[in-house]
Amino acid sequence: MYITAVVGLLFFALVYFAFGQADITRNGTQTAADAAALAAAQDSRDQLKLEDFLDDLGNLFDGKPAETADGCAEAARFAARNDADNLHCDALTDGRWGFTVESRSSRPMGDSIIDGTENEHAKATATAVVEPRCSFAPDESAAPSEGGDDRESANANHRTPSPGKLVCDTKDWIIDPEKPDLLPDMADLFTVRLAED
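Here it is as structure tokens:
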């Protein structure tokens, strides 16, 4: 009776360990997918420069730029750093700026008492998006008018008018197209976060 009880306890301990080992592998793969998706979105954001979007600031700060950079190389690099392979990396097509990645554990779950798991790899997906921290307020006075006086004044000043300003939580930025080095970094203007698929 005592031996039977001990054997039973050992069996349940082994089952618990086997499932725990699988959970650890799955959790690690999910972490790798999360890191890969965030890396792809961040790299896509950081490759862009604000001065390249001065004619499309409205769409950019609505989170829908006309063109975005591919960050999937960074996704693969970060997946590898977390012991996973990057199976897929795709830009979102639902109107959001971001990426969805699928990662797979580099190593199988290993031998256990659960049949069929020794060669299985854990898989996980994650989505990360780029979202604006600020809004764009166009300068209405910069719009062309019908009067000739405004055109003559603009020609006399020989300056490219500001398209408007960026309204952020802590500071407003007046955009000066002739001084792009004074524009904030994209990391100051856009945040990256995990999101639902």
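Mapping to numbering that gives the first Met the number 0: the sequence shown position 154 is 153, numbers consecutive. Using N, Cα and C, we set each Cβ at its ideal position, and we do this for glycine too. Keep in mind that this is a model prediction, so the values were computed, not measured.
Per DSSP, reduced to three states, the secondary structure at Gly97 is strand.
In its chain, beyond the 5 residues on either side, Asn81 have a beta carbon closer than 8 Å to the beta carbon of Thr30. Here DSSP, grouped into helix, strand and coil, assigns Cys167 to coil. Here Trp96 is actually not in contact with Lys48; their C-beta atoms are around 15 Å apart, not less than 8 Å. The straight-line gap separating the alpha-carbon atoms of Ala121 and Pro107 is approximately 7 Å. Between the alpha carbons of Ser43 and Ala68 lies a distance of about 5 Å. Secondary structure of Glu130 (DSSP, three-state): strand. Partner residues in the beta bridge of Thr124, as assigned by DSSP, are Glu101. The beta-carbon distance between Ser102 and Thr28, rounded to whole angstroms, is 6 Å. This is short enough to meet the 8 Å contact definition.
Counting of Cβ neighbours within 10 angstroms places Ile174 among the buried residues, the total reaching 16 or more. The beta carbon of Gln41 sits closer than 6 Å to those of Val191, all from its chain and outside the five residues before and after it, given in chain order. Residue state for Arg106 is assigned as coil, using DSSP reduced to three classes. When secondary structure is reduced to three states using DSSP, Thr67 falls in the coil class, being assigned neither helix nor strand. Around the CB of Glu73, 16 or more other CB atoms lie within 10 Å, so the residue is classed as buried.
The continuous stretches of beta strand (DSSP E) do not include Leu56, which lies in the alpha helix (DSSP H) extending over residues Leu56 to Leu59.
Taking the CA atoms as reference points, Asp138 sits about 42 Å from Ala75. Under the three-state reduction of DSSP output, Thr190 falls in the strand class. In this structure, the straight-line span from the alpha carbon of Ala38 to that of Leu193 is close to 11 Å.
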